[in-house]
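To start, the structure itself, in structure tokens.
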Amino acid sequence: MLLAHAIATGAKTILKKSIDRTRPGRALKDGRHRAKAAEGASDTDFNSFPSGHTAGAVGVAQAIAHETPQFAGPARSWAAGIAAAQLPRGAHYPSDVLVGAAIGWTADAVAGAALHFAERAILSALGNRADQRAIAEAEAHPS
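In structure tokens form, the structure reads like this:
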């Protein structure tokens, strides 16, 4: 779960630093919208894309769904609520939220694959050690 969130956070941070996009609330206030390659805006009113809250929430919800399927519905509902809340508060456009959700979903898939790979490598290494110990024991105490 933490790995999925960390991957989602890293991915959304890279995108936020790469793209300047006016948040809807600011665009309505100023009557101007901009979306372009990043100039390094430190003003958070210009880093709408993608929704980091949605990315993290979906990543965590998906991880919960995979690990404890009985909580999949509540976890995904919670993530959907987080995502939906971004629109009326003027923090994000629908596309920001959709891309954030895609990032979260992908982050969980990547985290799951990485953990599966690590688990197999550890079990393989432990299995090889057990085999080596058994051979050494048999050689040390022949019948």
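Residue numbers (this note's numbering): 1022 to 1164.
For glycine and all other residues, C-beta sits at the position ideal for the given N, C-alpha and C.
Values in this document were obtained by computation on a predicted structure and should not be read as measured data.
Could you check if Lys1050 is buried or exposed, using at least 16 other CB atoms within 10 Å of its CB as the buried criterion? exposed
Can the beta-carbon of Pro1071 be found closer than 8 Å to that of Ile1028? no
Sequence-distant residues of its chain with Cβ nearer than 7 Å to Gln1083 (five each side left out): Ala1025, Gly1125, Trp1126, Asp1129
Residues of its chain near Ser1039, where Cβ-Cβ distance is below 6 Å and the 5 sequence neighbours each way are ignored: Ala1059
Have a look at Ala1086 and Leu1119 and give me their C-alpha separation to the nearest angstrom. 19 Å
Let me make sure I understand the geometry here. Which of Arg1110, Gly1080, Arg1042, Arg1154 has the alpha-carbon closest to that of Ala1032? Gly1080
In this structure, does DSSP put Asp1064 in helix, strand or coil? coil
How many angstroms separate the CA atom of Ser1116 from the CA atom of Leu1036? 13 Å
Closest by C-alpha distance to Ser1069, when choosing among Leu1144, Gly1077, Gly1052, Pro1045: Pro1045
Could you check the C-alpha separation between Ala1146 and His1162 for me, to the nearest Å? 24 Å
Distance CB(Ala1048)-CB(Ala1078) smaller than 8 Å: no
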